[in-house]
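Peer 1:
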Amino acid sequence: PAWAQAWSSYAEERTQATDSDGGPSADARPINPVDAWIRAGLVNAELTPAPDVDDLTWLRRASFDLVGLPPTPAEQDAFLADPPAERRALAADRLLASPHFGERWARHLMDLVRYAETRGHEFDFAIPNAWEYRDYLVRALNADVGWDVLLTEHVAGDLVEPARLSPEGWNESVLGTGFWHLGEGAHSPVDLLVDRADRTANQLDVFGKTFLGLTLACARCHDHKFDPIPTKDYYALSGYVQSASYRQVRF
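Quick note on the working numbering: the sequence shown kicks off at 126 and runs consecutively.
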């Protein structure tokens, strides 16, 4: 079939770049593999990399990137008090250990799963305990939970055995499934079956875009034109979603 040549069905390819690839952007600065990969692209484009920034500028950029906040005067003083050769690595460790790291980076996933605490639509009624999912993400990122674990918990956290427990002893895994029940909802739909089909399409669309990088909702009506997603797979996933129930439970 035509979609067999789609980008998503190609095998993963890895490339390597050396510390210095020659050309106008080559210099003697030590770089890590990511920098080498970027530099190789600059070389191919005949571009010169920007010069290194001073330490305080680096700290400001790293702080905004990792915790979403500028460094405080005390943090700047502590940074400058560290040995020059180690201060950036030490600062990165401190920022990654900050509770603000999870708060900052959970926002990205919350945007993808269209997190909100109300349903929107005509009456914008509240989603009970939506904040539990938000806090679950923050705790998971601050605890350095692996992506494979997070993905499993989002898809079927209620079935994970043994469940991942918080230090206080509650079930963290089941909270990941909360993302399925975010999003717009009508207060009293006229056609219940159409409303259910529309909500399912929205759930699958968000799931596909967030975790697969693919749009799934168009396969509700036809086989996907560019990716290996036939209509029968859409309705198989639809059955998975519609066979699950939503209710408030203790965890």
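Each residue gets a CB set at the ideal place from its N, CA and C atoms; glycine is no exception.
Do you know whose CA, among Met235, Ala326, Val159, Asp316, lies nearest Gly301's CA?
Peer 2: It is Met235 whose Cα lies nearest to the Cα of Gly301.
Peer 1: Taking Cβ to Cβ, would you say Trp230 is nearer than 8 Å to Glu242?
Peer 2: Taking 8 Å as the Cβ cut-off, Trp230 and Glu242 do not qualify as a contacting pair.
Peer 1: Considering only their Cβ atoms, is the gap separating Gly303 from Leu266 smaller than 8 Å?
Peer 2: Cβ atoms of Leu266 and Gly303: not closer than 8 Å.
Peer 1: Would the segment 201 to 220 and the segment 269 to 287 be scored as touching if the rule is three or more Cβ pairs under 8 Å?
Peer 2: The segment 201 to 220, when compared against the segment 269 to 287, does not touch it at the 8 Å Cβ threshold.
Peer 1: Which stretch, first to last residue, makes up the alpha helix (DSSP H) that contains His349?
Peer 2: It is not in any alpha helix (DSSP H) - His349 carries neither H nor E in the DSSP assignment.
Peer 1: The alpha helix (DSSP H) spanning Ser363 covers which residue range?
Peer 2: Ser363 -> alpha helix (DSSP H) spans 356 to 367.
Peer 1: Would Val192 and His233 qualify as a contact pair, given that the criterion is a beta-carbon distance under 8 Å?
Peer 2: It is not a contact, given that the beta carbons lie outside the stated cut-off.
Peer 1: Please classify Ser363 as buried or exposed, where buried requires at least 16 neighbouring CB atoms within 10 angstroms.
Peer 2: Buried is the call here.
Peer 1: Helix, strand or coil for Val374? Go by DSSP, reduced to three states.
Peer 2: Val374 falls in the coil class under three-state DSSP.
Peer 1: In terms of alpha-carbon separation, which member of Asp283, Asp179, Ser291, Glu247 lies closest to Ala260?
Peer 2: According to the sequence as given, residue 260 is Asp; it is not Ala. Answer by Cα proximity: Ser291.
Peer 1: If you check the beta carbons only, do Tyr371 and Leu329 fall under 8 Å apart?
Peer 2: No, they are not a contact pair.
Peer 1: Going along the chain, which residues of its own chain have a beta-carbon closer than 8 Å to the beta-carbon of Arg185, five neighbours each way excluded?
Peer 2: Only Pro195, Pro196 meet the Cβ criterion.
Peer 1: Using the Cβ count rule (16 or more neighbours within 10 Å means buried), how would you classify Thr344?
Peer 2: Reading the sequence as shown, one finds Ala at residue 344 and not Thr. Under this definition Ala344 is a buried residue.
Peer 1: If you drop the 5 nearest sequence neighbours on each side, which residues of the same chain put their C-beta closer than 7 Å to that of Trp183?
Peer 2: Answer for Trp183: Arg213, listed in chain order.
Peer 1: Using beta-carbon positions only, say whether Gly333 and Thr340 come within less than 8 Å of one another.
Peer 2: In this structure, Thr340 lies closer than 8 Å to Gly333 by Cβ.
Peer 1: Measure the CB-CB distance between Leu181 and Pro174 and report whether it falls below 8 Å.
Peer 2: Taking 8 Å as the Cβ cut-off, Leu181 and Pro174 do not qualify as a contacting pair.
Peer 1: Does the distance from the CB of His312 to the CB of His246 come in under 8 Å?
Peer 2: Cβ atoms of His312 and His246: closer than 8 Å.
Peer 1: Could you say which of Val366, Ile354, Ala288 lies nearest to Arg321 if we only look at CA atoms?
Peer 2: Of the candidates Val366, Ile354, Ala288, the one whose C-alpha sits nearest the C-alpha of Arg321 is Val366.
Peer 1: Taking the Cβ atom as the reference point for each residue, do Val285 and Ser298 lie within a distance shorter than 8 Å?
Peer 2: In this structure, Ser298 lies closer than 8 Å to Val285 by Cβ.
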